[in-house]
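Asker:
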Amino acid sequence: MKALSIRQPWAWLIVNGYKDIENRSWTTRFRGRVLIHASKGMTRAEYEDACEPTRLVGSRTIELPPFGQLQRGGIVGAATIDACISSGDRTSQWHIEGCYGFHLTDIKPLPFVACKGALRFFDVPADDTAQLHQTHDLGALA
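At position 86 of the sequence shown (counting the first as 1) the number is 86 in UniProt numbering, and the numbers step up by one without a gap.
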């Protein structure tokens, strides 16, 4: 299965239904289901920097979990990438100017499964997802 590593708290915002765009400096032709992997790295400064834009999203305030409660270093959810949107065609408040936006739909949180991440898309070993297959309908991910 393909996965995409995303730093926290951005991975949390995605799997909890707030963020529908993942920003990248590179484009992709990939379309389909991916696992959302929460990267291991996150400094307190990165967390604090992320807190400010989440307070300004639309007319609602998003309460992020405390720094120490964000799961890192494993699978936290799944989503479908249905488009890669160029910077000039921004359709979401989450889309950063100058970046490609991977548009995410059918987002689902999953129980945390520890596994090593990688840059860009990467294949998650079947051993790491066997537990999810036993407890969740992941047919669309296979």
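The beta carbon of each residue, even a glycine, is placed where N, CA and C say it ideally should be.
#1: Is the region 40–49 in contact with the region 82–94, if contact means three or more CB pairs nearer than 8 angstroms?
#2: Rounded to the nearest angstrom, how far is the Cβ of Leu70 from that of Cys51, given a contact under 8 angstroms?
#3: Quick one: Cα of Ala142 to Cα of Gly68, how far?
#4: Leaving out the 5 sequence neighbours to the left and right, which residues in its chain are closer than 7 angstroms to His95 when beta-carbon positions are compared?
#5: Is the separation between the beta-carbon of Val15 and that of Gly77 shorter than 7 angstroms?
#6: Can you name, in chain order, every residue of its own chain whose Cβ lies under 8 angstroms from the Cβ of Trp26, other than the five neighbours on each side?
#7: If you compare alpha carbons, which of Pro66, Thr28, Arg72, Leu104 is closest to Arg7?
#8: Suppose contacts are defined by Cβ-Cβ distances below 7 angstroms. Is His37 in contact with Ile75 by that definition?
Answerer: To lay it out plainly:
#1: With a cut-off of 8 angstroms on Cβ pairs, the region 40–49 is not in contact with the region 82–94, counting fewer than three such pairs.
#2: Actually they do not touch by this definition, with Cβ atoms about 12 angstroms apart.
#3: Annotation note: pLDDT 44 at Ala142 (below 50); position unreliable, no value reported.
#4: When the five nearest sequence neighbours on each side are left out, the beta carbons in the same chain lying within less than 7 angstroms of the beta carbon of His95 are those of Ile21, Asn23, Ile85, Gly101, in order along the chain.
#5: At the C-beta level, Val15 and Gly77 come within 7 angstroms of one another.
#6: Taken in chain order, the residues that qualify are Tyr100, Arg120.
#7: Measuring C-alpha to C-alpha distances from Arg7 to each of Pro66, Thr28, Arg72, Leu104 identifies Arg72 as the nearest.
#8: Yes. Within cutoff.
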